[in-house]
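Everything in the sequence shown is counted per our numbering, starting at 346 for the first residue and increasing by one. For each residue, glycine too, the CB sits at the ideal point set by N, CA and C. Keep in mind it's a predicted model, so treat the numbers as computed, not measured.
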Amino acid sequence: MRVLVINHRDIKNPRAGGLEEVVHQTAKRWAGWGHGVDLLCAGYDAAPCEEMLDGIRILRGPNEYVFNWWAPLKTRALGPRRYDVILEYISKVPCFVPAFVRSTPTAVMIPHLFGKTAFAELPWLMAAYAYGLEQPIPYVYRKSLFWALSKSTAEDLLGRGIPQERIEIIYPGFSEDLLQTDQSIQKTPYPSLIYIGRLKRYKRVDLIIGATAQLRTQFPDVRFFIVGTGDHEKELRGQVASLGLEQSVEFCGFVSEARKKELLQRAWVGTQTSTIEGWGLGVIEAGACGTPTVASDSPGLRESVRDGQTGVLVPHGDVAALTQAVGQLLADAGIREKMGAAAREWAGHFSWEEMARRSLKFLERATGKSK
Numbered sequence: 346m347r348v349l350v351i352n353h354r355d356i357k358n359p360r361a362g363g364l365e366e367v368v369h370q371t372a373k374r375w376a377g378w379g380h381g382v383d384l385l386c387a388g389y390d391a392a393p394c395e396e397m398l399d400g401i402r403i404l405r406g407p408n409e410y411v412f413n414w415w416a417p418l419k420t421r422a423l424g425p426r427r428y429d430v431i432l433e434y435i436s437k438v439p440c441f442v443p444a445f446v447r448s449t450p451t452a453v454m455i456p457h458l459f460g461k462t463a464f465a466e467l468p469w470l471m472a473a474y475a476y477g478l479e480q481p482i483p484y485v486y487r488k489s490l491f492w493a494l495s496k497s498t499a500e501d502l503l504g505r506g507i508p509q510e511r512i513e514i515i516y517p518g519f520s521e522d523l524l525q526t527d528q529s530i531q532k533t534p535y536p537s538l539i540y541i542g543r544l545k546r547y548k549r550v551d552l553i554i555g556a557t558a559q560l561r562t563q564f565p566d567v568r569f570f571i572v573g574t575g576d577h578e579k580e581l582r583g584q585v586a587s588l589g590l591e592q593s594v595e596f597c598g599f600v601s602e603a604r605k606k607e608l609l610q611r612a613w614v615g616t617q618t619s620t621i622e623g624w625g626l627g628v629i630e631a632g633a634c635g636t637p638t639v640a641s642d643s644p645g646l647r648e649s650v651r652d653g654q655t656g657v658l659v660p661h662g663d664v665a666a667l668t669q670a671v672g673q674l675l676a677d678a679g680i681r682e683k684m685g686a687a688a689r690e691w692a693g694h695f696s697w698e699e700m701a702r703r704s705l706k707f708l709e710r711a712t713g714k715s716k
């Protein structure tokens, strides 16, 4: 089977995140199983227009701000009939490929749609642009199959009028090396929290910083490790300074896989407070390292955290509730260890291999040629 994958970024893009990991981990396995895979994505400084990576032919175009208008035209220029199926990842705004290409089946992967939460992340005009482009999705993609990353996303799609029979939930994998814990790495000698992910406004890392300030009353030596980068970092650093938390909060930036594993193993409690997530990769990664997570009861996160078993869910935006939940875990090693063990067991249910196999069957179904 020949597959054309469309996503705003490839794994080598400096702004690549969790979705690009999903794209790459699936595509390289499809290619390894003998399928032809081309990836159409935006370009970035010094990036070649075309290259091969892990069996994937990467074709780069203009920057990601105009990519969604360029991609369908480029798809037509490539000759869509050469592909058995087109898989479009709607990670920001849709490319509306079915409106331009009718000769080849199009399937869609959606981690989550922002809806009105876009107005909390973007300037008003940009948010209105993104929100407006989401509205025609049910009509333009009415003949497409939808791959949802979680039940929360599937429920959102149902609410937008997409028939249930056209939606399939396929969970992502994660780096299973994290399950191979290093026995020489011990938890920090002081109470510690960790956040891992991009630093975007809708991720609401500010809530965790606020909770850290309150936790210092009970745990004066508490530390909060922020792992990741993003365009909201400046504002978060300003918040840390205004609260006098420079000795309590560490911005670790982008780290190697080995360093990430070490930080996740050493932390006492993971934290995730996004307004919305497609799933919650940071939750599963922390769990693989035996670290339970306190998270907002938000779409995606309420599914990746098994409340009361692998972590705790709190009302989104409630700093007092977040502080209390984290404080209870910091104060009780027995509960932390029990939840950490359950989180490791839960993480073991997910793998890139299983995701790739299920998504390949999904694409075969989209072609109408599945057995």
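Residues near Val657 in its chain [Cβ-Cβ closer than 6 Å; skip 5 each side]
Position 312 of the sequence shown, counted from the start, is the residue given in the question as residue 657. These residues qualify, in order along the chain: Val639 and Ala670.
If we ignore side chains and look at the alpha-carbon of each, how far apart do Val442 and Leu364 end up?
For this step, residue 442 is matched to residue 97 along the sequence shown. For this step, residue 364 is matched to residue 19 along the sequence shown. In a straight line, the C-alpha of Val442 is about 19 Å away from that of Leu364.
What is the C-beta distance between Thr616 and Ala465, in whole angstroms, given that I count them as a contact (C-beta under 8 Å)?
Translated into the one-based positions of the sequence shown, residue 616 becomes position 271. Translated into the one-based positions of the sequence shown, residue 465 becomes position 120. At roughly 19 Å, the Cβ-Cβ gap does not stay under 8 Å, so Thr616 and Ala465 are not in contact.
4 or more residues per run - each alpha helix (DSSP H) lying fully within the stretch 586–654:
602–611, 626–633 and 646–649
Between the stretch 487–504 and the stretch 673–686, do at least 3 Cβ pairs fall closer than 8 Å?
no
Where the beta strand (DSSP E) containing Ala493 begins and where it ends:
Stepping through the sequence shown from its first residue, residue 493 is reached at position 148. Segment Leu490 to Ala493, the beta strand (DSSP E) holding Ala493.
CA nearest to the CA of Gly555, picked from Ser696, Glu709, Val594 and Gly542
Sequence index remark: in the sequence shown, residue 555 carries index 210 (1-based). Per the Cα distances, Val594.
For His694, is the classification buried or exposed, using 16 other Cβ atoms within 10 angstroms of its Cβ as the cut-off for buried?
Looking up residue 694 in the sequence shown gives position 349. Per the 10 Å Cβ criterion, exposed.
Ser704, enclosing beta strand (DSSP E) - first and last residue
In the sequence shown, counting from the first residue as 1, residue 704 sits at position 359. Taken as a continuous stretch (DSSP letters only), Ser704 belongs to no beta strand (DSSP E), being part of the alpha helix (DSSP H) at Trp697 to Thr712.
Who are Thr451's beta bridge partners in DSSP?
On the sequence shown, position 106 is the one that residue 451 refers to. In DSSP, Thr451 forms a bridge with Ile431.
Own chain, CB closer than 6 Å to Ala463, minus 5 neighbours either side, in chain order
As a working note, residue 463 is residue 118 in the sequence shown. Hits under 6 Å: Ala472, Ala475 and Tyr476.
Burial state of Glu723, where buried means 16 or more other Cβ atoms lie within 10 Å
The chain is shown only over 346 to 716; residue 723 falls outside these bounds and no answer can be derived.
Three or more C-beta pairs closer than 8 Å, one from the stretch 479–495 and one from the stretch 528–536: is that the case here?
no
Out of Tyr410, Pro359 and Met346, point me to the one whose CA is closest to Asp383's CA.
Working through the sequence shown from its first residue, we reach residue 383 at position 38. Answer by Cα proximity: Met346.
Burial state of Pro536 (16 or more Cβ within 10 Å)
Numbered from its first residue, the sequence shown carries residue 536 at position 191. With 16 or more Cβ atoms within 10 Å of its Cβ, Pro536 is classed as buried.
Would you check if the distance between the CB atom of His577 and the CB atom of Leu626 is smaller than 8 Å?
As a first step, residue 577 must be located in the sequence shown, where it is residue number 232. As a first step, residue 626 must be located in the sequence shown, where it is residue number 281. No; because the gap between Cβ atoms is not below 8 Å, this pair is not in contact.
Consult DSSP for Ser537 and reduce its assignment to one of helix, strand or coil.
Counting from 1 along the sequence shown, the entry for residue 537 is found at position 192. Looking at Ser537 - three-state DSSP - the assignment turns out to be strand.
How would you write the range of the alpha helix (DSSP H) that Glu500 sits in, first residue to last?
Taking the sequence shown and counting its residues from 1, the one referred to as residue 500 is at position 155. Glu500 -> alpha helix (DSSP H) spans Lys496 to Gly504.
Would you call the stretch 640–659 and the stretch 580–599 in contact, with 3 or more CB pairs under 8 Å?
no
With DSSP as the reference, identify every bridge partner of Leu398, one or two as the case may be.
Locating residue 398 in the sequence shown gives position 53, counting from the first residue. Note: Leu398 is bridge-paired with Ile401 in the DSSP secondary-structure output.
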